[in-house]
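Some notes on the structure that comes next.
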Amino acid sequence: MTLLKQKNAGASTAKIALWYIISNVFGKGLAVISTPIFTRIMSKTEYGLFSNITSWESVLTVLVTLDLISSIARAKYDFDEKMEEYLSSILALSNVVTLFTYFAVELKPAFFVKLFGMDIFYIRVLFVYLLFMPAFNFLQIKHRIYQKYKFCVVASMGSAIVRTGVSIVLVMLMDNKLMGRTIGYFLPVSLLNFAFWIYIMYKGRKISWNCIKYACKISIPLIPHDLAGILLGSVDKIMITNYCGSEENALYSVAYTISMLAYVVQTSMNQAWTPWLFDKFHEKDEKEIRKNSNIYMGVYAVIILGVFLVAPEVIYVLGGKAYYSAKYAMPPIILGCAYQFFYTFYVNIEIFKKRTFTISIGTVAAALLNIFLNWLLIPKFGYLAAAYTTMIGYLALLGFHYWIVRRTAKEFDGVYNKKFLALTIVGLTFAGMGMLGLYRVLTLRIIFLVIYVVVLSGLILKNRKVLWKLLH
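Throughout the sequence shown, residue numbering follows the working numbering, covering 1476 to 1947 in sequence.
Printed below as a string of structure tokens:
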């Protein structure tokens, strides 16, 4: 029996999504809670240097792994009976590229030390991590696409606990705080990832050129998409600092970081939704997709409405009074996250159809649009302009991917309820813009929050049997 036909032990998509939300929020929460510890023990210079190391980790992960991880979900339908061989093949390719890149660094260490802005020791630690990290990520995706969520949840939460705990201990014990933070963050999980590396290679046993060619065809065109996505997430802060100074960047950064809670929720939901969606694409079950996508969009919209209503209090608790004015940046940033959520409906179609190059075109274009609008508006309107340029960039991406699917994948044009999708987007947009006025009147916002809680509680109670069934 193929893996594709095996039944998971009764786990529903809703239950899996809930556990992914719990594990991802746990990981992000641990990072937020531990931040004051590191900022008090480490100097600003050390903290900034570590931030630089993690930034390069994001970029190098895409480059040296060739983004091969993005091919695994689609490979389920073409290499189902050879999935272990597929994973060992793409892991071997990732390792070869990583080692070649590392050897290039060792040939010209002075050049790369200057380029990366870090000592050679930290570059070496980073490459040890990059060598074995794909093994962990590949296994996470494999278990996710077959809806075996327990491994993903335990591994994700365990990894977060280990890297945070060891980092705190080493930073407290070592004189070189940056070294302690870096070793604690990268090396303990690298040991765990090495065990996963051995497991994948043992189970796969061989390397297939067919698997490698298949993976490269899907993944390599996505590299510009991932790099442009990193740029979209960082260029605002760079340009705000350049035009307005570090204080305005601090305000924007706090609003952006807290708004990313919406992103954590949608990523967690998508981790459960996409495997189910791809199965239905494979089965050509359009009716089931239309029905459940409406529920999926509706649940997400309800969550985002709640985030809108409590955003100012979250800023006050986590940032303090000094950052409270940043609340006005949150609605457009959260809307940007929402538009990102909705465009994944069409990106998933492009990935399933193996037309990944168009995804990169859209993201690169959105990044360039974002840079242009920032250049035009930030000098005139300050950091708040960056929130709106981010929102516009993701809205443009949503329109682009909808247009691409209509032109190149007409058989999927009716797979979603477009009227419901449009109404949800328009409704959230008006709600988000309305919050800008509501944030000025605390009493009125509390009334809306009470109404929201009462209505939501009523819906949960009314549908408790259905919800209980979904979660079991």
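Backbone N, C-alpha and C define an ideal beta-carbon position, used for all residues, glycine too.
I believe residue i touches residue j by the beta-carbon criterion, under 8 Å. Please report the beta-carbon distance rounded to the nearest angstrom.
{"i": "V1948", "j": "M1517", "result": "Residue 1948 is absent from the model: the chain starts at 1476 and stops at 1947."}
{"i": "T1904", "j": "L1810", "result": "6 Å"}
{"i": "T1883", "j": "R1830", "result": "6 Å"}
{"i": "T1770", "j": "Y1624", "result": "In the sequence under discussion, the amino acid at residue 1770 is Ile, which differs from the Thr named in the question. Not a contact, Cβ separation roughly 19 Å."}
{"i": "L1872", "j": "G1837", "result": "5 Å"}
{"i": "I1715", "j": "Y1858", "result": "5 Å"}
{"i": "V1539", "j": "T1573", "result": "4 Å"}
{"i": "F1816", "j": "F1753", "result": "Between F1753 and F1816 the Cβ distance is about 17 Å, and since that is not below 8 Å, they are no contact."}
{"i": "I1834", "j": "H1700", "result": "5 Å"}
{"i": "S1694", "j": "L1541", "result": "6 Å"}
{"i": "V1729", "j": "G1794", "result": "5 Å"}
{"i": "I1680", "j": "S1563", "result": "One point to set straight first is that residue 1680 is Arg, not Ile, in the sequence displayed. Right, the Cβ-Cβ distance comes to about 7 Å (below 8 Å), so this counts as a contact."}
{"i": "A1548", "j": "P1750", "result": "7 Å"}
{"i": "F1747", "j": "T1520", "result": "With the sequence shown as reference, residue 1747 is identified as Ala, and Phe is not the correct amino acid for it. Wrong, their Cβ atoms sit about 41 Å apart, outside the cutoff."}
{"i": "F1591", "j": "W1531", "result": "5 Å"}
{"i": "I1528", "j": "I1643", "result": "At roughly 17 Å, the Cβ-Cβ gap does not stay under 8 Å, so I1528 and I1643 are not in contact."}
{"i": "M1593", "j": "L1648", "result": "Contact doesn't hold; Cβ gap of about 22 Å is too wide."}
Can you tell me which of the options puts its alpha carbon nearest to the alpha carbon of residue i?
{"i": "V1537", "options": "F1501, T1576, G1502", "result": "T1576"}
{"i": "P1609", "options": "I1544, I1595, H1618", "result": "I1544"}
{"i": "Y1597", "options": "V1580, F1613, Y1718", "result": "V1580"}
{"i": "S1509", "options": "S1498, Y1660, Q1615, N1612", "result": "Y1660"}
{"i": "Y1775", "options": "Q1741, K1583, Y1791", "result": "Q1741"}
{"i": "N1717", "options": "A1861, D1888, I1643", "result": "A1861"}
{"i": "K1503", "options": "S1564, D1594, I1636", "result": "I1636"}
{"i": "Y1821", "options": "Y1877, A1842, S1768, A1841", "result": "Y1877"}
{"i": "L1896", "options": "E1825, V1500, Y1674, S1768", "result": "S1768"}
{"i": "L1706", "options": "I1846, D1888, L1852", "result": "I1846"}
{"i": "D1888", "options": "E1825, L1913, R1915", "result": "E1825"}
{"i": "P1854", "options": "V1916, E1763, E1723, L1653", "result": "E1723"}
{"i": "I1497", "options": "R1765, P1663, V1739", "result": "V1739"}
{"i": "L1666", "options": "S1642, C1686, F1607", "result": "F1607"}
{"i": "Y2010", "options": "P1663, Y1621, P1696", "result": "With the chain covering only 1476 through 1947, there is no way to say anything about residue 2010."}
{"i": "N1685", "options": "Y1561, Y1495, V1929", "result": "Y1561"}
{"i": "F1611", "options": "A1548, Q1622, F1602, F1626", "result": "F1626"}
{"i": "T1514", "options": "S1631, G1640, G1633, K1652", "result": "K1652"}
{"i": "Y1495", "options": "M1744, N1849, E1886", "result": "M1744"}
{"i": "L1697", "options": "V1789, N1823, G1874, M1676", "result": "N1823"}
{"i": "T1819", "options": "F1875, E1788, L1614", "result": "F1875"}
{"i": "Y1927", "options": "G1640, V1777, K1762", "result": "V1777"}
{"i": "Q1622", "options": "L1493, F1856, K1894, W1850", "result": "L1493"}
{"i": "E1761", "options": "M1772, V1890, M1593, L1524", "result": "V1890"}
{"i": "F1602", "options": "M1772, L1852, F1578, L1924", "result": "F1578"}
{"i": "N1892", "options": "L1924, G1773, G1708, V1916", "result": "G1773"}
{"i": "V1710", "options": "G1933, S1631, L1844", "result": "L1844"}
{"i": "I1616", "options": "T1657, M1649, I1675", "result": "I1675"}
{"i": "S1546", "options": "F1613, F1525, V1500, E1556", "result": "F1613"}
{"i": "L1702", "options": "V1839, M1632, I1658", "result": "V1839"}
{"i": "G1704", "options": "A1842, V1929, F1501, T1899", "result": "A1842"}
{"i": "A1506", "options": "T1899, L1726, S1634, V1600", "result": "S1634"}
{"i": "A1727", "options": "K1766, K1678, I1790", "result": "Here residue 1727 turns out to be Tyr, not Ala, going by the sequence shown. Among K1766, K1678, I1790, the Cα nearest to that of Y1727 is on I1790."}
{"i": "S1631", "options": "L1852, F1832, F1856, F1501", "result": "F1501"}
{"i": "Y1522", "options": "I1620, T1657, L1851, F1923", "result": "T1657"}
Check whether the Cβ of residue i lies closer than 8 Å to any heavy atom of the ligand FAD, and answer yes or no.
{"i": "E1722", "result": "Among the components of this structure there are no ligands whatsoever, and the ligand FAD is therefore not found."}
Let me see if you follow: with CB-CB separation under 9 Å, is residue i close to chain C or not?
{"i": "A1610", "result": "Of the chains in the structure shown, none is chain C; there is only one protein chain."}
- prompt: Is there contact here, the stretch 1561–1576 with the stretch 1686–1701, by at least three beta-carbon pairs under 8 Å?
  reply: Yes, since at least three Cβ pairs between the stretch 1561–1576 and the stretch 1686–1701 fall closer than 8 Å, the two stretches touch.
- prompt: Contact between the stretch 1749–1762 and the stretch 1545–1555: three or more CB pairs below 8 Å?
  reply: Segments in contact, yes.
message: Whether or not the stretch 1904–1914 and the stretch 1782–1801 are in contact is what I'm after, with contact meaning three or more pairs of Cβ atoms, one per stretch, closer than 8 Å; do they touch?
response: At 8 Å Cβ cutoff, the stretches touch.
message: I'd like to know if the stretch 1863–1870 and the stretch 1800–1818 are in contact, where contact means that at least 3 CB-CB pairs between them fall below 8 Å.
response: These segments touch.
message: Which runs of the alpha helix (DSSP H) at least 4 residues long sit entirely within the stretch 1678–1713? Give them in chain order.
response: Fully enclosed alpha helix (DSSP H) runs of 4 or longer: 1684–1694.
- request: Determine, using beta-carbon pairs with one atom in the stretch 1527–1536 and one in the stretch 1667–1676, whether at least three such pairs fall under 8 Å.
  value: No, the stretch 1527–1536 does not touch the stretch 1667–1676.
Completely contained alpha helix (DSSP H) runs for the stretch 1821–1898, where each covers 4 or more residues: If only uninterrupted alpha helix (DSSP H) runs of at least 4 residues are considered, those enclosed by the stretch 1821–1898 are 1832–1856, 1858–1883.
- prompt: Is the number of C-beta pairs between the stretch 1720–1733 and the stretch 1799–1809 that are closer than 8 Å three or more?
  reply: As far as the Cβ criterion goes, the stretch 1720–1733 touches the stretch 1799–1809, which means the pair count is three or higher.
Whole alpha helix (DSSP H) elements within the stretch 1604–1651, 4-residue minimum: Within the stretch 1604–1651, the runs of alpha helix (DSSP H) at least 4 residues long that lie entirely inside it are, in chain order, 1624–1648.
- prompt: Taking contact to mean at least 3 C-beta pairs separated by less than 8 Å, is the stretch 1925–1944 in contact with the stretch 1794–1801?
  reply: The stretch 1925–1944 makes no contact with the stretch 1794–1801: fewer than 3 CB pairs, one atom from each, lie closer than 8 Å.
- prompt: Fully enclosed by the stretch 1714–1796, which alpha helix (DSSP H) runs are 4 residues long or longer?
  reply: Taking only runs of at least 4 residues, the alpha helix (DSSP H) segments lying wholly in the stretch 1714–1796 are 1721–1758, 1761–1794.
- prompt: What are the complete alpha helix (DSSP H) segments, minimum 4 residues, inside the stretch 1521–1560?
  reply: Under the rule that a run must span 4 or more residues, the alpha helix (DSSP H) segments found entirely inside the stretch 1521–1560 read 1547–1550.
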